[in-house]
Amino acid sequence: MASRGPSEALVIDGRKYRHVREGLATILAPYADDKPATGKHVRNNAEGNQVVFYNPIQQFNRDLSVLAITVYGEGAVLEKEKRFRLKNQHGKARHHKGSTRQQKSSVTAIESSTPEQVNALKRKADDLEQDGSNADPSETASTAAKKPKTTDGLLDEDEDVVVMELSADPAVGENSKHETVSTNGMTDSNAQEAQTTDPATTAKKQLPFTILDALSATGLRALRYAKEIPFSTNIVANDLSADSVQNINLNIQHNEVKDKVHSNLADARMFMYSKVGNEKPKQGPDYVHRFDVIDLDPYGTAAPFLDASVQALQDGGLLCVTCTDAGVFASTGYPEKTYALYGGMPVKGPHSHEGGLRLILNAVALSAAKYGLAIEPLLSLYIDYYARLFIRVHRKPQDVKLLAGTTMTLYNCGHGCGAWKTQPLLRNQPQVSRSGETFFKFSFAQAPVTTPNCEHCGSRQHLCGPMWAGPLHNPYFVQRMLDRVPSLDKKIYGTTDRIQGMLTLALEEDLTLQSWPSEPSTPLETKDTEKGKDKNSDKQADKDKDVSGPDPRIIPRLPPKTIDSSPFFIMPTQLARTIHCATPSEDMFRGALLGLGYRVSRSHCKPGSIKTNAPWSVLWEIIREFMRTKAPIKEGAVKKGSAGWNILARVRGTERAQVSELKDSAKDQFLRCETKDDMKTVLQGMLWRLENEKASTVDSQAKETTAAQSSTSTDQPKEGKDEVGANGGVNGENKSDADKSNPPQQQRRQSRSQSPPAPVPSELNIVFDEKLGKEKHRGKLVRYQMNPRENWGPMSRAGRSKVDG
Ligand SMILES: C[S@@+](CC[C@H](N)C(=O)[O-])C[C@H]1O[C@@H](n2cnc3c(N)ncnc32)[C@H](O)[C@@H]1O
Ligand SMILES: [Zn+2]
Numbered sequence: 094m095a096s097r098g099p100s101e102a103l104v105i106d107g108r109k110y111r112h113v114r115e116g117l118a119t120i121l122a123p124y125a126d127d128k129p130a131t132g133k134h135v136r137n138n139a140e141g142n143q144v145v146f147y148n149p150i151q152q153f154n155r156d157l158s159v160l161a162i163t164v165y166g167e168g169a170v171l172e173k174e175k176r177f178r179l180k181n182q183h184g185k186a187r188h189h190k191g192s193t194r195q196q197k198s199s200v201t202a203i204e205s206s207t208p209e210q211v212n213a214l215k216r217k218a219d220d221l222e223q224d225g226s227n228a229d230p231s232e233t234a235s236t237a238a239k240k241p242k243t244t245d246g247l248l249d250e251d252e253d254v255v256v257m258e259l260s261a262d263p264a265v266g267e268n269s270k271h272e273t274v275s276t277n278g279m280t281d282s283n284a285q286e287a288q289t290t291d292p293a294t295t296a297k298k299q300l301p302f303t304i305l306d307a308l309s310a311t312g313l314r315a316l317r318y319a320k321e322i323p324f325s326t327n328i329v330a331n332d333l334s335a336d337s338v339q340n341i342n343l344n345i346q347h348n349e350v351k352d353k354v355h356s357n358l359a360d361a362r363m364f365m366y367s368k369v370g371n372e373k374p375k376q377g378p379d380y381v382h383r384f385d386v387i388d389l390d391p392y393g394t395a396a397p398f399l400d401a402s403v404q405a406l407q408d409g410g411l412l413c414v415t416c417t418d419a420g421v422f423a424s425t426g427y428p429e430k431t432y433a434l435y436g437g438m439p440v441k442g443p444h445s446h447e448g449g450l451r452l453i454l455n456a457v458a459l460s461a462a463k464y465g466l467a468i469e470p471l472l473s474l475y476i477d478y479y480a481r482l483f484i485r486v487h488r489k490p491q492d493v494k495l496l497a498g499t500t501m502t503l504y505n506c507g508h509g510c511g512a513w514k515t516q517p518l519l520r521n522q523p524q525v526s527r528s529g530e531t532f533f534k535f536s537f538a539q540a541p542v543t544t545p546n547c548e549h550c551g552s553r554q555h556l557c558g559p560m561w562a563g564p565l566h567n568p569y570f571v572q573r574m575l576d577r578v579p580s581l582d583k584k585i586y587g588t589t590d591r592i593q594g595m596l597t598l599a600l601e602e603d604l605t606l607q608s609w610p611s612e613p614s615t616p617l618e619t620k621d622t623e624k625g626k627d628k629n630s631d632k633q634a635d636k637d638k639d640v641s642g643p644d645p646r647i648i649p650r651l652p653p654k655t656i657d658s659s660p661f662f663i664m665p666t667q668l669a670r671t672i673h674c675a676t677p678s679e680d681m682f683r684g685a686l687l688g689l690g691y692r693v694s695r696s697h698c699k700p701g702s703i704k705t706n707a708p709w710s711v712l713w714e715i716i717r718e719f720m721r722t723k724a725p726i727k728e729g730a731v732k733k734g735s736a737g738w739n740i741l742a743r744v745r746g747t748e749r750a751q752v753s754e755l756k757d758s759a760k761d762q763f764l765r766c767e768t769k770d771d772m773k774t775v776l777q778g779m780l781w782r783l784e785n786e787k788a789s790t791v792d793s794q795a796k797e798t799t800a801a802q803s804s805t806s807t808d809q810p811k812e813g814k815d816e817v818g819a820n821g822g823v824n825g826e827n828k829s830d831a832d833k834s835n836p837p838q839q840q841r842r843q844s845r846s847q848s849p850p851a852p853v854p855s856e857l858n859i860v861f862d863e864k865l866g867k868e869k870h871r872g873k874l875v876r877y878q879m880n881p882r883e884n885w886g887p888m889s890r891a892g893r894s895k896v897d898g
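Here the sequence shown stands for residues 94 to 898, numbered as in our numbering.
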């Protein structure tokens, strides 16, 4: 662990181990031998030859996972409790009314419900059955058989599925008979906040919260989850390797968590598939049927494990996925392999990592869809050299219908200027029925959305994806995680600063939430904790929850139809490189965008990145204006015919720009001609413009003339000049304050015409206002950690680095 210095080596029974402390767990990881390993497998491996895999650099992954599962689990357990209460209420009602009357009343209840409520009721029944099957680790097959069952297959209403008790007394040890909420690395008040119980109550029953560490190696994750997530009840640490399982058992003993953590020797897929179907196979005291959380942390890709894992999760369960094969999901070297593993083509360009996250999500979504399971990404990060995603999986066949409409392909100018255009696979169109209910109509998307060659630089474009087009994160979840960061003990969570930095960036990536730059980020209406927050807010929320809505610990679901309107970031350095000019400072670039009314933030993936809702035509105009006004380039600096050359064909005030504009206009107008006379008029207009327009200014009079001349087909939309001009985006000297505060999207909405939404780039008033673009100072925020440790990176597989012979 970073804060505790290097791990220690020790010898037990003649065998050499590395003794590692991380979080609240300690592990003994065995060495293979003392000889230095050779060959490609030893790259970046400063840890010696390993029998069982351990990579210290992934402490960030593990710290983050403890926090993510804790925040997710608090809400998930509350929801279980609610369902359990409901079940008990139903059960008691049935008990008193007798079975016949009870059947009648449930029929009445279902009859008086909306279809959605009926489904919800059915689902709850399923869930309860599921919870019940997981609930009682102490129940044997024989006792289960003796239990009376109701006719509807639910457990008998008097059965109590509660199996553990939480004590608020931290003095009670981890391994005492009654599970304890002991110090878990959070400060006291927050540790109490982490309980699913009211801290004022000394003891309260707790429902099971189960985790599968499917590819566990030393068992480190399982051990940490056991020790640091107080409400976790049953954790399985599985591995395919007998050496690993032996080591897991040693570590379970060493950490004294045998009540909570159990090892399992199996192929993770076989183990997870054993959970499919056969809903109530009580097999023994520690048996878990479906898990609340499954953590996949394989060597390389997690793709082979996705199908089994989504089915081995409970409804609403959390799938945690690591993929370390960035060379496949975020690089174009092996597109055939990317497709085979993730069902889509990779992206070329600086945004390849965001593309990779979307490809992984696509693979998970498709695995889930065929079983009626819909995915909801809670947090999707690219870290160091790997992807780590936290995905909630809902048993909701009706939401699966929205998947094609939240999946996209991409036309990517990877070999030219780097621009892209997205194309949805299907269109999800919300409709309102006569009774006021919203439903969706699904229609084919028009294709293609662009020309084969890039509209900005003329280079050939390539097809990428299909990939996930929805949001990468649930902002409520990220905010909840962020709110917990100050309570983490830095001595235990060595990567806290980085967690805070990365989560802050991830949260701000959602441009629809942000206010910039003077306002502090208050992205969520329901945000309940802030700097200087009321530490008792959750307790208060507990009291208020019945009157003020759902408990804030329950993570609300994002609408499944949501599409990310700014799916990829851009890099000003790359824009500048394309036209061979100096790069504007980040503040200047941001200032220019903000001045035009667009939104900006960063991406967690890369330093120097900018997320924005500005279209590519505007981005190129900004960089051209920067070159023209601030950083002129030498004649001949850009090769004729290159992407940069074509982009520079529109530098304001040049003859090339005038020619480009005339060409565009001519193309449009000729396409509209229906008679020879129409053509004559257009040609005359062109000639007039050629002779009368000066290159340095745009003669709006002339444009109006040609527009009027070409109005033979009035059904064709004009370019969006009117609306942009009317709303102050053009030559903005006359802009009113109200206009300035309107982002372009709103301006478009106010337009009366059906014109295309894009503004006319050459008419924008671009100001490189560094002051406007300056980020608000937020103290020390570790946004990007370039070298988290010496010799960091992917490591060789365990047991494969022995010297031959
Ligand atoms: C990258 S390591 C896991 C590291 C561990 N999660 C951690 O955080 O320290 C991958 C582990 O997966 C195991 N493994 C590989 N294929 C497997 C499979 N099909 N089923 C179960 N375990 C597997 C390997 O033996 C290895 O221990
Ligand atoms: Zn291009």
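The C-beta atom is built at its ideal place from N, Cα and C for all residues, glycine as well.
Here the structure is a predicted model, which is why all the values come from computation and not from measurement.
Hey, is THR394 close to ligand 1, as in C-beta under 7 angstroms from one of its heavy atoms?
Within the sequence shown, the letter at position 301 stands for residue 394. No, ligand 1 has no heavy atom inside 7 angstroms of this Cβ.
* **Through-space distance from ARG451 to GLN762, alpha-carbon basis** => Residue mapping note: residue 762 aligns to position 669 of the sequence shown, counting from 1. Residue mapping note: residue 451 aligns to position 358 of the sequence shown, counting from 1. Their backbone Cα atoms lie some 40 angstroms apart in a straight line.
Own chain residues within Cβ distance below 6 angstroms of PHE146, not counting five before or after
Residue numbering aside, residue 146 sits at position 53 when the sequence shown is read from its first letter. Answer for PHE146: ALA310 and ALA891, listed in chain order.
Next on the checklist: So for LEU300, helix, strand or coil by DSSP?
Outcome noted: Locating residue 300 in the sequence shown gives position 207, where the first residue counts as 1. LEU300 falls in the coil class under three-state DSSP.
**Asked** Should THR543 and TYR504 be called a contact, given that it needs their Cβ atoms to be closer than 8 angstroms?
**Response** Here residue 543 is taken as the residue at index 450 of the sequence shown, counted from 1. Here residue 504 is taken as the residue at index 411 of the sequence shown, counted from 1. Yes. Within cutoff.
task: Could you tell me which of GLU786, LYS760 and GLU784 sits nearest to GLU775, measuring between CA atoms?
output: For the purposes of this step, residue 775 is taken as residue 682 along the sequence shown, with counting starting at 1. Note on identity: in this sequence residue 775 is Val, with Glu being the wrong assignment. Nearest of GLU786, LYS760 and GLU784 to VAL775, Cα basis: LYS760.
* To do: Determine the direct distance from the alpha carbon of ASN567 to that of TYR110, and round the result to whole angstroms.
  => Locating residue 110 in the sequence shown gives position 17, counting from the first residue. Locating residue 567 in the sequence shown gives position 474, counting from the first residue. Each residue's Cα considered, the two are about 41 angstroms apart.
Could you check where the beta strand (DSSP E) with LEU604 kicks off and where it finishes?
Translated into positions along the sequence shown, residue 604 becomes position 511. Counting along the chain, LEU604 falls outside any beta strand (DSSP E), and DSSP gives it neither H nor E.
Given that a residue counts as buried once 16 or more other Cβ atoms are within 10 Å of its Cβ, and exposed if not, what is GLU469?
As a working mapping, residue 469 is identified with position 376 in the sequence shown. Buried.
Fully enclosed by the segment 547 to 586, which alpha helix (DSSP H) runs are 4 residues long or longer? 568 to 577
Q) When you compare each of GLU868, LYS773 and LEU496 to ILE656 by their alpha carbons, which one comes out closest? A) In the sequence shown, the residue the question calls residue 656 occupies position 563. The shortest Cα separation from ILE656 among GLU868, LYS773 and LEU496 belongs to LEU496.
Could you name the residues of the same chain whose beta carbon sits closer than 6 angstroms to that of ASP862, not counting the 5 residues immediately before and after it, in chain order?
As a working note, residue 862 is residue 769 in the sequence shown. Hits under 6 angstroms: GLY684 and GLY688.
Check: Nearest-angstrom Cα distance between LEU308 and ALA361?
Finding: If you number the sequence shown from 1, residue 308 lands on position 215. If you number the sequence shown from 1, residue 361 lands on position 268. Distance between the alpha carbons of LEU308 and ALA361: 7 angstroms.
Cβ-Cβ separation, VAL354 to ALA319 (assumed contact under 8 angstroms), whole Å
For the purposes of this step, residue 319 is taken as the residue at position 226 of the sequence shown. For the purposes of this step, residue 354 is taken as the residue at position 261 of the sequence shown. Yes, ALA319 and VAL354 are in contact; Cβ-Cβ is about 5 angstroms, under 8 angstroms.
Apart from the five residues just before and just after ALA902, which ones in its own chain have a Cβ nearer than 7 angstroms to its Cβ? Absent from the model: residue 902. The displayed extent of the chain is 94 to 898, so no value can be given.
Run through the DSSP bridge pairs and tell me what ASN331 is partnered with. Looking up residue 331 in the sequence shown gives position 238. Beta-bridge pairing links ASN331 to ASN357.
- Query: Helix, strand or coil: which one does DSSP assign to PHE661?
  - Reply: Position 568 of the sequence shown, counting from 1, holds the residue named residue 661. In the structure shown, PHE661 sits in coil (DSSP, three-state: anything other than H, G, I, E or B).
- What is the rounded straight-line gap between the Cα of MET888 and the Cα of GLN404? By 1-based counting over the sequence shown, the position of residue 888 is 795. By 1-based counting over the sequence shown, the position of residue 404 is 311. Cα-Cα distance, rounded: 30 angstroms.
Original post:
Can you list every residue whose CB sits closer than 6 angstroms to some heavy atom of ligand 2, going in chain order?
Top reply: CYS506, GLY509, CYS510, ALA512, CYS547, HIS549, CYS550, SER552 and ALA736
Open item on the list: Strictly by DSSP, which residues pair up with PHE483?
Closed with: Stepping through the sequence shown from its first residue, residue 483 is reached at position 390. In the DSSP output, where bridge partners are listed per residue, PHE483 has CYS413 and LEU472.
Where does the unbroken beta strand (DSSP E) through ILE647 begin, and where does it stop? Mapped onto the sequence shown, residue 647 falls at position 554. Counting along the chain, ILE647 falls outside any beta strand (DSSP E), and DSSP gives it neither H nor E.
Any heavy atom of ligand 1 closer than 7 angstroms to the CB of SER758? To locate residue 758, count along the sequence shown from 1; it is residue 665. Not under cutoff, so the answer is no.
Legend entry - CB contact check: LEU459 to chain D, cutoff 8 angstroms: The structure shown contains no chain D, having only a single protein chain.
Does DSSP classify GLN223 as helix, strand or coil?
Indexing the sequence shown from 1 puts residue 223 at position 130. Legend: pLDDT at GLN223 = 38, less than 50; position of this residue unreliable, value from coordinates given subsequently. Reduced to three states, the DSSP call for GLN223 is helix.
task = Thinking HIS549 and TRP709 are a contact (beta carbons under 8 angstroms), I'd like their distance in whole angstroms, please.
result = The sequence position of residue 549 within the sequence shown is 456, counting from 1. The sequence position of residue 709 within the sequence shown is 616, counting from 1. At roughly 6 angstroms, the Cβ-Cβ gap stays under 8 angstroms, so HIS549 and TRP709 are in contact.
C-alpha gap between ASN455 and GLN524, whole angstroms = Sequence index remark: in the sequence shown, residue 455 carries index 362 (1-based). Sequence index remark: in the sequence shown, residue 524 carries index 431 (1-based). Rounded to the nearest angstrom, the two C-alpha atoms are 26 angstroms apart.
Going straight from the alpha carbon of MET681 to that of GLN407, what length do you get? Taking the first residue of the sequence shown as position 1, residue 681 is located at position 588. Taking the first residue of the sequence shown as position 1, residue 407 is located at position 314. Rounded to the nearest angstrom, the two C-alpha atoms are 49 angstroms apart.
- [ ] Could you tell me whether any non-hydrogen atom of ligand 1 is closer than 7 angstroms to the CB of VAL145?
- [x] The count along the sequence shown starts at 1 and reaches residue 145 at position 52. Result yes, Cβ under 7 angstroms from ligand 1.
Exercise. Would you report the Cα separation of GLU101 and PRO439, rounded to the nearest angstrom?
Worked result: Taking the first residue of the sequence shown as position 1, residue 101 is located at position 8. Taking the first residue of the sequence shown as position 1, residue 439 is located at position 346. The alpha-carbon atoms of GLU101 and PRO439 are separated by roughly 42 angstroms.
(request) Return the bridge partner residues of PRO523 from the DSSP annotation. (result) The residue labelled residue 523 in the question sits at position 430 within the sequence shown. According to DSSP, which records beta bridges pairwise, PRO523 is partnered with PHE533.
Would the beta-carbon of ASP390 fall within 8 angstroms of that of ARG314? Here the question's residue 390 lines up with position 297 in the sequence shown. Here the question's residue 314 lines up with position 221 in the sequence shown. Contact flag set, yes.
Worksheet item: For the alpha helix (DSSP H) that ARG314 lies in, which residues bound it at each end?
Response: Here the question's residue 314 lines up with position 221 in the sequence shown. Where ARG314 is concerned, the enclosing alpha helix (DSSP H) stretches over 313 to 321.
### Query
Is the distance from the Cβ of ILE105 to the Cβ of VAL113 below 8 angstroms?
Here residue 105 corresponds to residue number 12 of the sequence shown, with the count starting at 1. Here residue 113 corresponds to residue number 20 of the sequence shown, with the count starting at 1. No. Outside cutoff.
Between ALA538 and LEU519, how many whole angstroms is the CB-CB distance? I'm expecting something under 8 angstroms.
Residue 538 sits at position 445 when you count from the first residue of the sequence shown. Residue 519 sits at position 426 when you count from the first residue of the sequence shown. The pair is a contact, with the Cβ atoms about 6 angstroms apart (cut-off 8 angstroms).
Taking only three categories from DSSP, how would you classify ASN824? As a working mapping, residue 824 is identified with position 731 in the sequence shown. Bear in mind that a pLDDT of 30 at ASN824, under 50, signals an unreliable position, so the number given afterwards is only what the model happens to contain. ASN824 falls in the coil class under three-state DSSP.
Nearest candidate by alpha-carbon position, reference ASP332, set ARG765, THR326, PHE324 and ILE341: The residue given as residue 332 occupies position 239 in the sequence shown. Considering only alpha carbons, the answer is ILE341.
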